[in-house]
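In what follows, a structure is listed as C-alpha cells, so that the remarks can point back to it.
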Amino acid sequence: MTNNKKILLAYRPVGMPDQSHFNTIETNVPELIDGEVLIKSLYISVDPYMRGRMSDTKSYAKPYEVGKPFIGGIVGQVIESKNPKYKVNSFVEGRMEWAEYNVSNGSNIRKIDPEIAPITTALHVLGMPGLTAYFGLLYIGQPKEGETVVVSGASGAVGTIVGQIAKLKGCRVVGIAGAEEKCSFLTNELGFDAAINYKTTPDLYNELAKACPNGVDVYFDNVGGTVTDEVMKLINFQSRTVICGQISQYNLENPEMGPSILGQLLKTSSLVKGFIVSDYADHNKEGLTMLAKWVREGKIQYRENVIEGFENTVDAFLGLFRGENIGKQLVKISEPTIKD
Ligand code: NAP
0 MTNNKKILLA
10 YRPVGMPDQS
20 HFNTIETNVP
30 ELIDGEVLIK
40 SLYISVDPYM
50 RGRMSDTKSY
60 AKPYEVGKPF
70 IGGIVGQVIE
80 SKNPKYKVNS
90 FVEGRMEWAE
100 YNVSNGSNIR
110 KIDPEIAPIT
120 TALHVLGMPG
130 LTAYFGLLYI
140 GQPKEGETVV
150 VSGASGAVGT
160 IVGQIAKLKG
170 CRVVGIAGAE
180 EKCSFLTNEL
190 GFDAAINYKT
200 TPDLYNELAK
210 ACPNGVDVYF
220 DNVGGTVTDE
230 VMKLINFQSR
240 TVICGQISQY
250 NLENPEMGPS
260 ILGQLLKTSS
270 LVKGFIVSDY
280 ADHNKEGLTM
290 LAKWVREGKI
300 QYRENVIEGF
310 ENTVDAFLGL
320 FRGENIGKQL
330 VKISEPTIKD
C-alpha cells in the first residue's frame with residue numbers, strides 16, 4: 000500500500016483565503032483495476048481561477064466541494080499501468096487531485112513528450128495558460144502590425160506569452176506589472192517596448208499615455224479594477240478589449256464599482272469580450288502546434304517560478320495573490336524516474 004497526501008477544501012473563504020481553508024490528509028492509494036494507471040505527481044500548477052472554485056458561486060467551472068480535494072493541472076509520471084495506452088515511466092498532464100499520487104482511467108490525461116520540450120511546459124506555454132494567451136490575443140484581440148497592445152498581469156504565465164505573441168505580430172507592446180524586477184524582465188528579456196509598475200507609479204494614466212503615444216488598439220485584461228479603468232481611457236477607434244481575468248477582484252468581499260464606460264465604447268466603436276480558454280478547445284491542436292514552433296525557434300521565452308515540496312502547494316497558490324511569481328508558478332513534488 001502506498002501512502003498518499005491530498006489537499007482538501009476545509010471551508011469556503013470570504014475574502015482572501017489563508018492556510019486554514021486547506022486541509023491535508025493522508026490516505027492509501029487504491030489497487031488499480033483494468034484500464035487504470037497510477038500517476039506520481041512531479042509538478043503541480045497553481046492557478047488564479049482556482050480561487051473562484053473555492054466559492055459557491057455560479058461560474059464556468061463547478062465549485063470545489065467542501066471536504067473534497069482541489070483539482071488542477073498536474074504533470075506526472077505513470078508508475079503502474081493497467082492501461083495499454085500509457086506505459087510505465089511515460090509522462091502525462093491532466094486535471095487531477097492535488098495529491099502526491101492519482102489514479103486515472105485515461106480520460107483526464109494526455110501524453111506529453113519530453114523530447115519536444117521540458118515536461119513542465121505542458122502546464123504553461125504548451126498548456127492551458129499558453130492557449131489562453133494564443134486564443135485571447137489572436138482570436139479576439141486580432142492585433143495588426145503597427146498597433147499598440149497593452150497587457151495587464153504582464154509578467155505572469157498568460158501575460159508573458161500574450162506580449163511576446165503581440166511582438167511577433169509587429170505590435171508595440173506595453174506591459175503592466177507590480178514590481179520593478181517584473182518590469183525590467185519584460186523590457187530587457189522579453190522585448191516589451193515599455194512596462195509600467197502599477198504599484199509605484201503616482202499617475203498610471205499619465206505613464207500609460209506616454210507609453211502609448213498612438214493610443215491603445217488591443218487591451219488584454221488579466222486584472223480588472225482600477226488598472227483597467229485607466230487603460231480604457233486610452234482606447235482607440237475600433238479597439239478590442241479581451242477580458243481574460245479579473246484577479247484584482249477575486250478576493251474582494253464586495254465587487255468594486257467602476258466608471259460607466261459604455262459611452263466610451265460607443266464613441267470608439269469598440270469591442271469588449273470575455274472568454275474562457277475552453278471556448279476554443281476545437282482549436283487546441285493549432286494553438287499548441289504554433290506555440291511549440293515559436294518555443295522551438297526561440298521566438299517565445301518562458302520563465303518558471305518553482306517552489307519545492309507538496310507541503311508548500313498552498314503557499315504557492317496564495318502567493319499568486321501577493322504577486323510573488325514571475326512567469327508560471329509551479330510546485331515541484333518529486334523527481335521523475337529515469338528510464339534505464
Ligand atoms: P499569473 O499572472 O502568473 O499570476 C498572478 C499575478 O497576478 C500575480 O503575480 C500578480 O502580479 C497579479 N496580481 C495579483 N493580485 C493582483 C491585483 N490585486 N491587482 C493586479 N494584479 C494582481 O496568473 P496567470 O495564470 O497568468 O493568470 C492571469 C489571469 O488570467 C488571471 O486573472 C487568471 O484568472 C486569468 N486566466 C483566465 C483564463 C481564461 O480562460 N479566461 C485562463 C487562464 C488564466 P503583479 O505583481 O503584477 O500584481
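Using numbering that gives the first Met the number 0, read the sequence shown as starting at 0 and increasing by one per residue.
Every residue gets a Cβ at the ideal spot worked out from N, C-alpha and C, and that includes glycine.
| Item | Value |
| --- | --- |
| Thr119 beta carbon near ligand 1 (any heavy atom closer than 7 Å) | no |
| Rounded C-alpha distance that separates Lys331 from Ser54 | 26 Å |
| C-beta contact flag for Asp216 and Thr147 at 8 Å | yes |
| When Pro113, Cys243, Asn104 are compared against Pro83, the one with the closest alpha-carbon | Asn104 |
| Where the alpha helix (DSSP H) containing Gln76 begins and where it ends | Unbroken run through Gln76 is the beta strand (DSSP E), 70-80; no alpha helix (DSSP H). |
| The alpha helix (DSSP H) enclosing Thr267, as first and last residue numbers | 261-267 |
| Alpha-carbon to alpha-carbon, Leu287 and Leu125 | 6 Å |
| Closer than 7 Å: Cys243 CB and nearest ligand 1 heavy atom | yes |
| Distance between Asp17 and Glu179 (C-alpha atoms, nearest Å) | 27 Å |
| Local Cβ density within 10 Å of Ala315, reported as buried at 16 or more and exposed below that | buried |
| Identity of the residues DSSP links to Thr23 by a beta bridge | Ile6 |
| Whole-angstrom distance between Cys243 and Thr131, CA atom to CA atom | 8 Å |
| Chain-order list of residues whose beta-carbon lies under 6 Å from that of Ile108 (same chain, five-residue window excluded) | Val91, Gly93 |
| Lys292: first and last residue of the uninterrupted beta strand (DSSP E) it sits in | Not the beta strand (DSSP E): Lys292 falls in the alpha helix (DSSP H), residues 283-295. |
| The beta strand (DSSP E) enclosing Ser40, as first and last residue numbers | 36-44 |
| Local conformation of Val161 per DSSP, three classes | helix |
| The stretch 168-177 in contact with the stretch 195-205 per 3-pair CB rule at 8 Å | yes |
| Opposing strand residues paired with Tyr100 [DSSP bridges] | Lys39 |
| Whole-angstrom distance between Ala165 and Ile139, CA atom to CA atom | 13 Å |
| Contact check, Val28 vs Val102, beta carbons under 8 Å | yes |
| Proximity to Ile198 [Cα-Cα], best of Gly273, Lys57, Asp33, Val226 | One point to set straight first is that residue 198 is Lys, not Ile, in the sequence displayed. Nearest C-alpha to Lys198: Val226. |
| Under the three-state DSSP convention, the category Asp216 falls into | strand |
| Same chain, Cβ closer than 6 Å to Ile78, five either side skipped, listed in chain order | Leu37, Lys39 |
| His282 versus Gly273 - alpha carbon distance | 18 Å |
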